[in-house]
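Asks: Here the sequence shown is numbered in numbering that gives the first Met the number 0, starting from 0 and rising by one per residue.
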Amino acid sequence: MTAISKDFCPNHIVLCGGIGGAKLALGLTSCLGSEQLMVVGNVGDDFEHWGFKISPDLDTLVYTLSGVSNEELGWGRDGETWTVLEEVSRMGGDAWFRLGDRDLAVHIERSTRLDQGETLSKVTQDLCKAFGLDYCILPPTNDRIRTIVETNIGIMEFQEYFVRNRCEPVVTDLRYEGAKKARLLPDISSALLNPDLQSVIISPSNPFLSIAPILAIPDFQKQLANCRVPRVAVSPMVGARAFKGPTAKIMGELGYEISSFTVASYYSSNLIDGIIIDTGDADLVPRIEKLGIRTYVTDTLMKSFDEKKRLAAEAIQFAKSLGD
Numbered sequence: 000m001t002a003i004s005k006d007f008c009p010n011h012i013v014l015c016g017g018i019g020g021a022k023l024a025l026g027l028t029s030c031l032g033s034e035q036l037m038v039v040g041n042v043g044d045d046f047e048h049w050g051f052k053i054s055p056d057l058d059t060l061v062y063t064l065s066g067v068s069n070e071e072l073g074w075g076r077d078g079e080t081w082t083v084l085e086e087v088s089r090m091g092g093d094a095w096f097r098l099g100d101r102d103l104a105v106h107i108e109r110s111t112r113l114d115q116g117e118t119l120s121k122v123t124q125d126l127c128k129a130f131g132l133d134y135c136i137l138p139p140t141n142d143r144i145r146t147i148v149e150t151n152i153g154i155m156e157f158q159e160y161f162v163r164n165r166c167e168p169v170v171t172d173l174r175y176e177g178a179k180k181a182r183l184l185p186d187i188s189s190a191l192l193n194p195d196l197q198s199v200i201i202s203p204s205n206p207f208l209s210i211a212p213i214l215a216i217p218d219f220q221k222q223l224a225n226c227r228v229p230r231v232a233v234s235p236m237v238g239a240r241a242f243k244g245p246t247a248k249i250m251g252e253l254g255y256e257i258s259s260f261t262v263a264s265y266y267s268s269n270l271i272d273g274i275i276i277d278t279g280d281a282d283l284v285p286r287i288e289k290l291g292i293r294t295y296v297t298d299t300l301m302k303s304f305d306e307k308k309r310l311a312a313e314a315i316q317f318a319k320s321l322g323d
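#1: Let me make sure I understand the geometry here. Which of 133, 153, 53 and 85 has the alpha-carbon closest to that of residue 113?
#2: In the DSSP assignment, the beta strand (DSSP E) including residue 30 goes from what residue to what residue?
#3: Which two residues bound the contiguous beta strand (DSSP E) that contains residue 232?
#4: If you draw a straight line from the alpha carbon of residue 312 to that of residue 234, how long is it in whole angstroms?
#5: Under 8 Å between the Cβ atoms of residue 175 and residue 166?
#6: Quick check on the burial criterion: 16 or more other C-beta atoms within 10 angstroms. Buried or exposed for residue 239?
#7: From residue 64 to residue 291, what distance separates their C-alpha atoms?
#8: Excluding the 5 residues flanking residue 156 on each side, which residues of the same chain have their C-beta closer than 8 Å to its C-beta?
#9: What is the residue span of the alpha helix (DSSP H) that residue 128 lies within?
#10: How far does the alpha helix (DSSP H) with residue 90 in it extend, from its first residue to its last?
#11: Helix, strand or coil, according to DSSP, for residue 223 in the structure here?
#12: With distance defined between alpha-carbon atoms, name the residue in 298, 301 and 16 nearest to residue 137.
#13: Report, in whole angstroms, the separation of the C-beta atoms of residue 200 and residue 21, which I expect to be a contact under 8 Å.
#14: My output table needs one value for residue 307: the three-state DSSP class, helix, strand or coil.
#15: Quick one: what does DSSP say residue 200 is sitting in, helix, strand or coil?
#16: Within 10 angstroms of the Cβ of residue 151, are there 16 or more other Cβ atoms? Answer buried if so, exposed if not.
#17: What are the boundary residues of the beta strand (DSSP E) that residue 252 is part of?
#18: Starting from residue 265 and walking both ways along the beta strand (DSSP E), at which residues does that stretch end?
#19: In or out: residue 185 buried (at least 16 other Cβ within 10 Å) or exposed?
#20: Apply the 10 Å Cβ neighbour rule to residue 225 and answer buried if 16 or more other Cβ atoms are within range, or exposed otherwise.
#21: Enumerate, from N- to C-terminal direction, the unbroken beta strand (DSSP E) stretches of 3 or more residues contained entirely within the stretch 118-192.
Here's what the structure looks like:
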């Protein structure tokens with residue numbers, strides 16, 4: 000069970016990873032009320048460290064939307080201190096994953112409650128309330144999904160690849176352990192079937208690492224494919240580079256063309272009706288539209304809050320135009 004009201008029928012659903020997804024989600028909260036928006040966060044990055052259950056992308060969403068994110072680092076809590084990490088390091092402990100003191104409090108609370116039998120969705124909703132956040136942030140499932148990265152130096156979980164090895168190994172394959180058996184959260188299923196739903200937006204997160212674990216849940220992919228509202232993706236690419244993270248690197252290592260065209264073809268016209276690409280990629284419009292996917296060209300770099308708000312408003316309007 001979740002803490003969501005039975006009367007909650009959002010008009011818009013956004014799928015998010017961490018930093019890039021949180022930026023667009025923040026923009027959407029400036030355009031939409033809490034009763035209009037559902038945020039679905041990636042859980043493929045979730046892992047255990049120091050005995051605690053950590054949900055990096057869900058936490059980034061909570062911190063960003065509640066206004067307590069560390070903008071200097073791009074992750075974690077504002078005003079963070081590092082006493083515990085420093086002590087663990089001093090004693091020779093495992094300190095490769097940087098957990099701040101305030102951040103650690105969240106992981107302690109989550110782990111305690113999960114160990115007591117509560118669901119991740121319930122705990123996440125209660126964390127939103129604890130941070131004064133009215134918006135609905137949910138994992139796509141309460142079941143365990145883990146992104147497994149196969150590389151030239153071995154097989155590892157996502158955080159080992161991303162943080163411990165700094166994305167340096169060559170990626171040869173990706174799989175989403177547990178996804179095929181994962182049960183879609185009933186609240187998300189209901190939202191996708193809601194007659195008042197107006198759009199599903201895929202944020203500019205890494206398609207392979209952040210969005211694919213959500214799409215790998217069979218019921219989610221089936222419902223999204225059959226969804227009768229406009230489905231819009233925002234590309235995380237401009238030219239042959241990504242705004243953040245290893246998207247371009249992984250794209251090339253897996254043998255894909257490094258461009259927004261690959262983002263569009265990866266999602267395919269089965270899952271999206273339109274894609275927003277950067278002005279620097281305007282030349283890709285004819286190729287993308289041959290896939291049966293409409294395009295909208297704009298400045299997609301979200302440096303300021305106003306840019307986040309503008310892009311979010313354009314995504315909503317673009318989706319509306321696809322449904323007209």
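Backbone N, C-alpha and C define an ideal beta-carbon position, used for all residues, glycine too.
Predicted model only: the values in this text are computed from it and were never measured.
Replies: Reading it off the structure:
#1: Comparing Cα-Cα distances from residue 113 to each of 133, 153, 53 and 85, the minimum goes to 53.
#2: Secondary structure note for residue 30: it is in no beta strand (DSSP E), and the uninterrupted alpha helix (DSSP H) holding it is 18-30.
#3: 230-233 is the span of the beta strand (DSSP E), which, as asked, contains residue 232.
#4: Between residue 312 and residue 234, the C-alpha separation is close to 16 Å.
#5: At a Cβ-Cβ threshold of 8 Å, residue 175 and residue 166 do not count as neighbours.
#6: It counts as exposed.
#7: A straight-line Cα-Cα distance of about 34 Å links residue 64 and residue 291.
#8: Counting only residues of its own chain and dropping the five nearest sequence neighbours on each side, residue 156 has a CB closer than 8 Å to the CB of 46, 145, 146, 147 and 148.
#9: That run of the alpha helix (DSSP H) goes 119-129.
#10: No residue range can be given for residue 90, since it is assigned to no alpha helix (DSSP H) and is classified by DSSP as neither H nor E.
#11: Judged by DSSP in its simplified three-state form, residue 223 adopts helix.
#12: Among 298, 301 and 16, the Cα nearest to that of residue 137 belongs to 16.
#13: With 8 Å as the limit, residue 200 and residue 21 do not qualify as a contact, their Cβ atoms being about 13 Å apart.
#14: DSSP places residue 307 in helix when its eight states are reduced to three.
#15: Taken through DSSP and simplified to helix, strand or coil, residue 200 comes out as strand.
#16: When all chains shown are included, residue 151 counts as exposed.
#17: Membership of residue 252 in any beta strand (DSSP E) is not indicated; the residue belongs instead to the alpha helix (DSSP H) covering 246-252.
#18: Residue range 259-266 is occupied by the alpha helix (DSSP H) that includes residue 265, with no beta strand (DSSP E) assigned at that position.
#19: By the 16-neighbour rule on beta-carbons within 10 angstroms, residue 185 is exposed.
#20: Using a 10 angstroms sphere on the CB of residue 225, the tally of other CB atoms stays under 16, which defines it as exposed.
#21: Runs of the beta strand (DSSP E) inside the stretch 118-192: 135-137, 145-150, 153-156 and 170-176.
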